[in-house]
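Asker: What follows is a single structure, and I will ask about it in a moment.
2 protein chains.
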Amino acid sequence: MRDVAAASGVSPSTVSFVLNDAPHQTISAATRERVLRAADELGYVPHGVARALREGSSRIVLLNLDPLFRGGSIDGYTRGLDDELGRHGHVLLVRRAGGSPLEPVVDAVVPRAVVNLAGIYDEWESAADGGWVNGLGAHTRSQLTHLQETGHVVVAFALPGDVEAAPFAQVRLRLARAAAASVGIVQLEVLPVPRDVESARAGVGEFLAMHPEVTAVAAFDDVVALRVLAALRALGKQVPGDLAVIGFDATEHGAYWDPPLTSVRVDAEAFGRRAARQALGLDASDVVPGPATVVAGGTA
Amino acid sequence: MRDVAAASGVSPSTVSFVLNDAPHQTISAATRERVLRAADELGYVPHGVARALREGSSRIVLLNLDPLFRGGSIDGYTRGLDDELGRHGHVLLVRRAGGSPLEPVVDAVVPRAVVNLAGIYDEWESAADGGWVNGLGAHTRSQLTHLQETGHVVVAFALPGDVEAAPFAQVRLRLARAAAASVGIVQLEVLPVPRDVESARAGVGEFLAMHPEVTAVAAFDDVVALRVLAALRALGKQVPGDLAVIGFDATEHGAYWDPPLTSVRVDAEAFGRRAARQALGLDASDVVPGPATVVAGGTA
DNA sequence: ACGGTCCACTAATTCGAATTAGCAACGCTC
DNA sequence: GAGCGTTGCTAATTCGAATTAGTGGACCGT
Chain A
1 MRDVAAASGV SPSTVSFVLN DAPHQTISAA TRERVLRAAD ELGYVPHGVA
51 RALREGSSRI VLLNLDPLFR GGSIDGYTRG LDDELGRHGH VLLVRRAGGS
101 PLEPVVDAVV PRAVVNLAGI YDEWESAADG GWVNGLGAHT RSQLTHLQET
151 GHVVVAFALP GDVEAAPFAQ VRLRLARAAA ASVGIVQLEV LPVPRDVESA
201 RAGVGEFLAM HPEVTAVAAF DDVVALRVLA ALRALGKQVP GDLAVIGFDA
251 TEHGAYWDPP LTSVRVDAEA FGRRAARQAL GLDASDVVPG PATVVAGGTA
Chain B
1 MRDVAAASGV SPSTVSFVLN DAPHQTISAA TRERVLRAAD ELGYVPHGVA
51 RALREGSSRI VLLNLDPLFR GGSIDGYTRG LDDELGRHGH VLLVRRAGGS
101 PLEPVVDAVV PRAVVNLAGI YDEWESAADG GWVNGLGAHT RSQLTHLQET
151 GHVVVAFALP GDVEAAPFAQ VRLRLARAAA ASVGIVQLEV LPVPRDVESA
201 RAGVGEFLAM HPEVTAVAAF DDVVALRVLA ALRALGKQVP GDLAVIGFDA
251 TEHGAYWDPP LTSVRVDAEA FGRRAARQAL GLDASDVVPG PATVVAGGTA
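Chains as they are written, first to last, in the numbering used here: chain A, 1 to 300; chain B, 1 to 300.
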């Protein structure tokens, strides 16, 4: 900035005023012009760190992501978030929450806001996530409603069997429990499905033996749904004849199954946009995510 | 820091000396003790932004990621990178390179280093990626070697059909071309596979009609491989009878296919560790990634 | 001609930490 | 006991931008 000031024959203060369109400051058109040209010629770009020090926080928004958000809608969510932040001169950076604590990261970047999609969601009412976790309730309801409408009232909720999957999977399960009753599902059993193909087959087989009354499976996400489908195939079960399966998140992989996996598609990008607005303290009410839609594949 | 100084009855300079173990500075044990206790009691954490301003760059390493890195090894790579950086007091942040330029992000965070896995890789010799892109050459060779060893000499290289996929897919293709000759593949055709199931089927069908001499497909990654498998199934082709298929990156999804997808597993975490070392200017020679291994599934 | 009001700009301070220069006090040597 | 080096600390400056408090000059009215 000092260089720009020198080049245009004014003080650094004036440069700052011009470049930031400072209110309550009157700058002559000639000076403004000279400063802008000098800035342009010198290729001046504001030094984000210095600015962050002065302003108290950087123009960065941090997205803290549970590793369980994989494929599917999180890409759209990220895109919406990134795009909307970009419109307001901010930048999105993603941190994959893996074990290590968030605190040092926050201290290192001093972000304008943190969109936290990892950890505990007990107070999700107040979470600045664009209503994402909150919306999951409605989407889970769509998932279960589809099963109910196709005649299933005793359902298994399949979630990842990995231990580290716990926190977020538990949230989905709670939402499913809450939704089940209100949409006419009379019984909801829990079916953990490990990642390993062999264990998954054994686990699903055992589960079905113990719960012959279950006629359909609603999965945590498409990945888990595909594990279930693979297990059922190995067990010689017909889908949806013997058991219906519905995924969640409508990933590419579900479409390659035969028959294609029925799943729930979420308007993730709009949620991302909302999250961006909220993070910056702007009005988010004009961004309205579309409802979750069931992508009929043939497995449910 | 001023508060810590006040609480321990010394100057801020002294606090800085103590907390940073400043060389060429002698601090009495008593003072050091008092400062450390005060810092601890007050819960002092260094302000990353201020430090970054003074030091010229933040203790952040930026990973710029092509959206084509999905699932599979990039998770391990990220984990290795993150973990190793954490050991040295640094933090990894990920940016998903989607259209918008990298420059404003770099100006905003002034990272210690950028690990760039997006864009042009023409000068990959010098890239600070832990030898990742470079290693891809060897891994691609493993992929093709497996096909050659199972009797295939006329091979198709399947890459994503999406336009935006171009830059990185082209790199893989170039590497494949370079490897083909030296491992005894006499002909390498290019097979673009779009994401849409219907178009993929049509595209693969057309390709096979035009290139009846092709006996095997090596894919850009497992996702593309699964697209090919789905297309072949729709076309009524037997795998590996009519056509062998080998993926790349050994994702979970490949394992669910019937028969499971044969793929190439990469020691991504070690590459991530190396990248971290390189980014911080440390010696990376003691981290040696294991070789790529072929995970036999049954499709090749 | 003098007081007042704008206008257009500058000087000085701030954010928090790191670093360089420097300054007392003390001990040692000759 | 004068000179010199060491020990243990402090003061002052720096990084780059934003902001608050001015300040000199033109212009206006009476």
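Virtual Cβ for every residue (Gly too), placed ideally from N, Cα, C.
On the three-state DSSP scale, how would you describe B:E213?
Answerer: Mapped onto the second sequence, residue 213 of chain B falls at position 213. It is coil, neither helix nor strand.
Asker: Check each residue of the segment 136-157 of chain A: if its Cβ is closer than 8 Å to any Cβ of chain B, include it; give the result in chain order.
Answerer: Going along the segment 136-157 of chain A in chain order, one finds no residue with a Cβ nearer than 8 Å to chain B.
Asker: Taking the continuous alpha helix (DSSP H) assigned at A:R54, which residues delimit it?
Answerer: Taking the first sequence and counting its residues from 1, one reaches residue 54 of chain A at position 54. Per DSSP, A:R54 belongs to the alpha helix (DSSP H) from G48 to E55.
Asker: Taking A:W271 as part of the alpha helix (DSSP H), name the residues at either end of that continuous run.
Answerer: As a working mapping, residue 271 of chain A is identified with position 271 in the first sequence. What sits at residue 271 of chain A in the sequence shown is Phe, not Trp. It spans A268 to A279 - the alpha helix (DSSP H) in which A:F271 sits, taken as one unbroken run.
Asker: Residues in the same chain with beta-carbon distance under 6 Å from B:S8, minus the five sequence neighbours each way, listed in chain order, please.
Answerer: On the second sequence, position 8 is the one that residue 8 of chain B refers to. Hits under 6 Å: R34, V35 and A38.
Asker: Compare the C-beta of A:L243 with all C-beta atoms of chain B and state if any pair is closer than 9 Å.
Answerer: The residue given as residue 243 of chain A occupies position 243 in the first sequence. Cβ-Cβ to chain B under 9 Å: no for A:L243.
Asker: Chain B beta carbons: is any one of them nearer than 9 Å to that of A:S126?
Answerer: For this step, residue 126 of chain A is matched to residue 126 along the first sequence. Note that A:S126 scores 48 on pLDDT, short of 50, meaning its location in the model is unreliable and no value can be drawn from it.
Asker: Ends of the alpha helix (DSSP H) at A:Q143?
Answerer: Numbered from 1 along the first sequence, position 143 holds the residue referred to as residue 143 of chain A. It spans W132 to E149 - the alpha helix (DSSP H) in which A:Q143 sits, taken as one unbroken run.
Asker: Please work out which residues of its chain come closer than 7 Å, Cβ to Cβ, to A:H253, disregarding the five sequence neighbours upstream and downstream, and give them in chain order.
Answerer: The residue labelled residue 253 of chain A in the question sits at position 253 within the first sequence. If we look at A:H253 and ignore the five residues flanking it on each side, its Cβ neighbours are D222 and L226.
Asker: Which value, in whole angstroms, describes the spacing of the CA atoms of A:A270 and B:V15?
Answerer: Here the question's residue 270 of chain A lines up with position 270 in the first sequence. Here the question's residue 15 of chain B lines up with position 15 in the second sequence. Their Cα atoms are separated by approximately 48 Å.
Asker: Which word fits B:V190, buried or exposed, when buried means at least 16 other C-beta atoms lie within 10 angstroms of its C-beta?
Answerer: By 1-based counting over the second sequence, the position of residue 190 of chain B is 190. So B:V190 ends up on the exposed side.
Asker: Under 9 Å, do A:A50 and A:I60 count as touching if we go by C-beta distance?
Answerer: Residue numbering aside, residue 50 of chain A sits at position 50 when the first sequence is read from its first letter. Residue numbering aside, residue 60 of chain A sits at position 60 when the first sequence is read from its first letter. Against a cut-off of 9 Å, the Cβ pair of A:I60 and A:A50 comes out as no contact.
Asker: Whole angstroms are fine: how far does the CA of B:V294 sit from the CA of B:P260?
Answerer: Walking along the second sequence from the start, residue 260 of chain B turns up at place 260. Walking along the second sequence from the start, residue 294 of chain B turns up at place 294. Roughly 13 Å between the two C-alpha positions.
Asker: Which value, in whole angstroms, describes the spacing of the CA atoms of A:S57 and B:V109?
Answerer: Locating residue 57 of chain A in the first sequence gives position 57, where the first residue counts as 1. Locating residue 109 of chain B in the second sequence gives position 109, where the first residue counts as 1. Taking the straight line joining both Cα atoms gives about 11 Å.
Asker: By Cβ distance below 8 Å, which residues in the same chain neighbour B:R112 in space, the five residues on each side in sequence not counted?
Answerer: Within the second sequence, residue 112 of chain B is the residue found at index 112, counting from 1. Result list for B:R112: S57, S58, R59, I60, V61, H90, A279 and L280, in chain order.
Asker: Does A:I330 come out as helix, strand or coil in the three-state DSSP assignment?
Answerer: Only positions 1 to 300 of chain A appear in this structure, which leaves residue 330 of chain A out of reach.
Asker: Along chain B, which residues have their Cβ under 8 Å away from the Cβ of A:A50?
Answerer: For the purposes of this step, residue 50 of chain A is identified with residue 50 of the first sequence, where counting begins at 1. Chain B residues near A:A50: L53.
Asker: Since B:T31 meets chain A, which of its residues come closer than 9 Å, beta carbon to beta carbon?
Answerer: Mapped onto the second sequence, residue 31 of chain B falls at position 31. Per Cβ cutoff of 9 Å: no residues; B:T31 is ~25 Å from chain A at best.
Asker: Can you give me the start and stop residues for the alpha helix (DSSP H) that A:V190 sits inside?
Answerer: As a working mapping, residue 190 of chain A is identified with position 190 in the first sequence. Per DSSP, A:V190 belongs to no alpha helix (DSSP H); it is in the beta strand (DSSP E), Q187 to V193.
Asker: From A:V18 to A:H47, what distance separates their C-alpha atoms?
Answerer: As a working mapping, residue 18 of chain A is identified with position 18 in the first sequence. As a working mapping, residue 47 of chain A is identified with position 47 in the first sequence. Roughly 16 Å separates the two Cα atoms.
Asker: Which chain A residues sit within Cβ distance under 7 Å of B:L226?
Answerer: Here the question's residue 226 of chain B lines up with position 226 in the second sequence. Result: H253 and Y256.
Asker: Taking A:T78 as the query, report the chain B residues whose CB atoms sit under 7 Å from its CB, ordered along the chain.
Answerer: Indexing the first sequence from 1 puts residue 78 of chain A at position 78. What A:T78 touches in chain B: R96.
Asker: Measure from the alpha carbon of A:V94 to the alpha carbon of each residue in B:G297, B:P240, B:V245 and B:L63, then state which is nearest.
Answerer: Here the question's residue 94 of chain A lines up with position 94 in the first sequence. Looking at the Cα atoms, B:L63 is the closest of the given residues.
Asker: Residues in its own chain within less than 7 Å of A:L232 by CB, not counting five upstream and five downstream?
Answerer: Within the first sequence, the letter at position 232 stands for residue 232 of chain A. For A:L232, where only same-chain residues beyond five positions count, the Cβ hits under 7 Å are V204, V239 and L243.
Asker: Quick one: what does DSSP say B:F248 is sitting in, helix, strand or coil?
Answerer: The sequence position of residue 248 of chain B within the second sequence is 248, counting from 1. The answer is coil: DSSP assigns B:F248 none of H, G, I, E or B.
Asker: Apart from the five residues on each side of it in sequence, which residues of its chain come closer than 8 Å, Cβ to Cβ, to A:A22?
Answerer: For the purposes of this step, residue 22 of chain A is taken as the residue at position 22 of the first sequence. Excluding positions up to five away in sequence, the list reads S16.
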